[in-house]
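These protein sequence lines are chains A and B, in that order.
Mapping to my numbering: the first sequence position 432 is 453, numbers consecutive.
Mapping to my numbering: the second sequence position 205 is 226, numbers consecutive.
Report on the following structure.
2 protein chains.
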Amino acid sequence: MDVLELAKRRGFFWQSSAIHGPISGFYDYGHVGTMLKRKWEAAWRRFFLGLGETFYEISPAVLMPEQVFRASGHLEHFVDPIVKCRKCGHAMRADHILESILKESFEGLPPKEMDALIRKHKITCELCHGQLEEVALVNMTFPVTAGTGKDARTAYLTPETAQGAYVNFKQMFEVLRKRLPMGLAVVGKAFRNEIAPRNALVRMREFTQAELQIFFDPETITAHPRFADVETARLRLLPAAHRHAVQETTAQDAVASLGLPPFYVYYLARIQEFFLQTLGLPPEKFRLKELAGEEKAFYNRFHWDIELQLGIGWKEVGGLHYRTDYDLSRHQQVSGQSMEVGEGRKFIPHILEISMGVDRNIYALLDLCAREEQDRAVLAFPRRLSPFDAAIFPLVRKDGLPEKAREVQAALEQAGFSTFYDSTGSIGRMYRRMDEIGGPACVTIDYDTLKHQDVTLRDRDSMQQVRVPIARLPDALRRFLDGGDLGTLGKPLH
Amino acid sequence: MDVLELAKRRGFFWQSSAIHGPISGFYDYGHVGTMLKRKWEAAWRRFFLGLGETFYEISPAVLMPEQVFRASGHLEHFVDPIVKCRKCGHAMRADHILESILKESFEGLPPKEMDALIRKHKITCELCHGQLEEVALVNMTFPVTAGTGKDARTAYLTPETAQGAYVNFKQMFEVLRKRLPMGLAVVGKAFRNEIAPRNALVRMREFTQAELQIFFDPETITAHPRFADVETARLRLLPAAHRHAVQETTAQDAVASLGLPPFYVYYLARIQEFFLQTLGLPPEKFRLKELAGEEKAFYNRFHWDIELQLGIGWKEVGGLHYRTDYDLSRHQQVSGQSMEVGEGRKFIPHILEISMGVDRNIYALLDLCAREEQDRAVLAFPRRLSPFDAAIFPLVRKDGLPEKAREVQAALEQAGFSTFYDSTGSIGRMYRRMDEIGGPACVTIDYDTLKHQDVTLRDRDSMQQVRVPIARLPDALRRFLDGGDLGTLGKPLH
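Structure, rendered in structure tokens:
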């Protein structure tokens, strides 16, 4: 199935400003994509903010002053190796060109060594085969000027939501009554001037991140008060030393055999729980991959990526980063404001970051849930994540059925369900359309509804149908969304 | 009461990146502000998306190609009159300077006439009293370069969410099965390089808008199928011809006496309903103000501002704009893609825009709801809009009370309430703190709770307390939030 074609046709997402000639790396979400994204974000908030007593969400501005990125290191280190064509001027990621030809990863290789490989393998422009210039490091931030005249200041669109949490650490620590661990989550936009955006929502220039920064006392890293809750969880790990296959390792064993602190492993286990239990994704498509020394950012002591196996291969959709005191120390140094806490023993809190790309996760949901069946295409999203909980269809557009359908819809919305009304086709067409949006349940109002006050409830996956009294519909739908079997929720239709 | 001081101390909002020297016009929301903003947005979505059968939210990118703003007119018309000091280089809004000295509005006056007034009244720099240069029109968009080398494209941070709906009109019209009226809402960021940001969240450079673009057949403007629902509503109007006092006019009469089309008046009435019924703001602080010919953007046939009376005077927090076919015609002209619809009769849909500034509305909520009482400060938000539905306090931090409190909290969260746990002070201090956050209800767990399985429920406004069995707490809280009187929900405490 062409998922991108389906995404566009059914209202999930497509290239931004397409009528004016789109710029690569920018996407707009339609109504169905917006609902799906909002449900994913709500699930993320519920799960991760629930992990700590002092974990809250904040909403910082995305345009931030230059000093922030001097402190964070983005002005110095946030660079991509770019190589331009001498003939046509086309710019490419040097590591991507090398990887596509030599079938090996060259991320992080110094420019001089990339130049040497380009010369050795006589690599030319991917468009016109012209000769290439030397590899240059180009900064990926988007600078902007705020104000005018002598009041003008340089600001940058933040390339990660994390900095918004770091600059607010002191203020929030005061507001939240000086307790550690303190978690500050941001679900918001980030911007990177990628030279080669690709794979639709996977590598974008404007994207949404969901990140949780956990500020903690480094002396407490050797334990987590709730470690017992996860210790027997079997984690799907790909350690740097054993890249050939996933090892199923209990959290307990991961501490012992991989030398990881319990505080870190606790969150690895919770992340896996989020993907496999909360989102309900298939375990064999999920793994946690350790980054080796040269692959990690220099400030990360531990860095495991969250990877999902998609049609385009294993893709990173997030990570767990133990950033030590790098961030707060740098902000202290550049701002001159103390980031130390503690009475008696003073220390700069360390940071554990849970970072996820929301758009990548939305793309992954479509990729992992798409099924092509004999006479229909289905997006078999986990029921609770689907853009709409239920679709409401009148069998025909007359004799009071649309009015009755609207009444049933209003009652479901009132009860907190997200619904979608459709009456623009035969019932078969409306079912197919809903299958392609991934709505788990369809509710049909027919002539019997007017007589007996009941409706047909249809399961997207089994296409099974049962008859449910309107009075019991909210309860039946709730149980169905929670995983209940349709057969137990009403009278089977023959 | 100093609302900005309270906003900072209690976690609502403050200047962004303050530790590094903030740039004016940027604010960060803390945890309480984020919750309040999210509740306002949820109320907005529920209300306005509920007004039409084909009204949905979409999420366009905020960085959009230059062509978009060539079409929208922003590159040409989105300018502020700026005057710089010859001596110190400070830049000011010429109209603001004139207004502050001559106590009159000069918005929209041509630069030459502003120059004449500056000379006539010998106006100098507000900082150093140096002589002023000539007034120049400066564009307020933020340009950004996406890509590099020959692939580089100029993009702009969108100055209004509306354009994201317009460029997606055709695609969404297809997806939503070609029905009019079609409503596309965007709740998202917008960016304007204001020369003189002021009044905290009222005039910002990065801000959030909630806008609904209603695309409709211009021939249907003379009626609205549900006009009967609003015709007797008494609208608080300030017509351009009678600026001295609000006239209470029924929707019916507004059509007749003001020459406004019923389709337009219908939405004026719904907007008033949102502010007075849904948000529960005091009627005397609300008015709808008509803009006169020279005050309106040239493409607006009708333009009424939504105004609230705050401590800083009457402030515009939104508007209802009948933009005719201006937007879609311009996008058609610049993109070369037809925006026409209809079989048989072809036409370009007209647009009615409901536009609100979210941050301004949040600021207004704090301003309108702040009460200073003898021994406490209270943010008396409408109950359903408060950042948290309920606070949970254990009387003391021992003897199993915190555990019991966490249990009660979990049950309330499970039932869909937003809660806040606090145990870091005496009960009196915790009540005061919650009053300042604006939480409508406090739930206290004490020794009797362990014996009788009941809790104390306290009303923020009356400070009245009743005793409620834990089993009935979710229901009591729901009824309380819906406006129920506390006295009827439990046994009074003496």
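Beta carbons: idealized from backbone N, C-alpha and C, even for Gly.
Computed from a predicted structure; not experimentally measured.
Stretch-stretch touch, CB-based, cutoff 8 Å, three pairs: the segment 385-393 of chain B with the segment 250-268 of chain B: no
Residues of the segment 98-117 of chain B with Cβ closer than 8 Å to any Cβ of chain A, in chain order: I103, K105, C109, G110, H111, A112
Distance between beta carbons of B/Y77 and B/A206, contact taken as under 8 Å: 7 Å
Assumed close pair B/L510, B/R500 - CB separation to whole angstroms, cut-off 8 Å: 6 Å
Where A/P304 falls, given that 16 or more other Cβ within 10 Å makes a residue buried: exposed
Alpha-carbon spacing of A/K126 relative to A/E147, whole angstroms: In the sequence as displayed, the identity of residue 126 of chain A is Ser instead of Lys. Approximately 18 Å between the Cα atoms of the pair.
Within chain A, partners of B/I383 - CB distance below 9 Å: Those do not exist, as B/I383 stays about 11 Å from chain A at its closest Cβ, beyond 9 Å.
Residue nearest to A/A411 in terms of C-alpha spacing, selected from A/T445, A/L259, A/A436: A/A436
A/V188 in three-state terms, based on DSSP: coil
8 Å contact criterion, which B/P495 and B/S407 should meet: CB distance rounded: At roughly 17 Å, the Cβ-Cβ gap does not stay under 8 Å, so B/P495 and B/S407 are not in contact.
Of the listed residues A/F237, A/M377, A/L201, A/A249, nearest to A/W65 (C-alpha basis): A/M377
Alpha carbon of A/L289 to alpha carbon of A/L341, nearest angstrom: 7 Å
Assigned secondary structure, A/A221 (DSSP; H/G/I helix, E/B strand, else coil): coil
Proximal residues of chain A, C-beta to C-beta of B/R31 below 8 Å: V196
Per DSSP, the bridge partner or partners of A/E269: A/R257
Nearest-angstrom Cα separation, counted from A/Q184 out to B/L197: 39 Å
A/V251 versus A/A275: straight-line alpha-carbon distance, rounded: 11 Å
Beta-bridge pairing of B/F163 - partner residues as DSSP gives them: B/L178
Residues in the segment 350-381 of chain B having any Cβ partner in chain A nearer than 8 Å: H352, V355, S356, Q358
Spatially closest choice to A/A186 from A/P132, A/V104, A/H142, A/I235, by CA coordinates: A/I235
Boundaries (first-last residue) of the alpha helix (DSSP H) holding B/I333: Where B/I333 is concerned, there is no enclosing alpha helix (DSSP H), given that its DSSP letter is neither H nor E.
Touching by the beta-carbon criterion (3+ pairs, under 8 Å), the segment 27-35 of chain B and the segment 448-465 of chain A: no
Coarse secondary structure for A/I338, derived from DSSP in three states: What sits at residue 338 of chain A in the sequence shown is Val, not Ile. Here A/V338 sits in strand by DSSP.
Beta-carbon neighbours of A/F284, restricted to chain B and to distances below 9 Å: Chain B residues near A/F284: none, gap ~21 Å exceeds 9 Å.
Opposing strand residues paired with B/F414 [DSSP bridges]: B/T465
Proximal residues, the segment 171-183 of chain A versus chain B, C-beta separation under 8 Å: K171, D172, R174, A176, L178
Buried or exposed by the 16-neighbour rule on C-beta atoms within 10 Å, applied to B/Q152: exposed
Cβ-based neighbour list, A/P155, same chain, cut-off 6 Å, excluding 5 preceding and 5 following: Position check: residue 155 of chain A holds Glu in this sequence, whereas Pro was assumed. Closer than 6 Å at the Cβ level, and outside the excluded window around A/E155, lie D136.
With 16 other Cβ atoms within 10 Å as the buried cut-off, status of B/T179: buried
Where B/K58 meets chain A, residues with beta-carbon distance less than 8 Å: S80
Proximity test, Cβ basis, 9 Å: A/A432 and chain B: no
Test item: CB-CB of B/N214 and A/G168 under 9 Å: yes
DSSP three-state assignment for A/C109, whether helix, strand or coil: coil
C-beta atoms of A/F323 and A/Y285 nearer than 9 Å: yes
Buried or exposed by the 16-neighbour rule on C-beta atoms within 10 Å, applied to A/G204: buried
CA-to-CA distance, B/A426 to B/D467, given in whole angstroms: 9 Å
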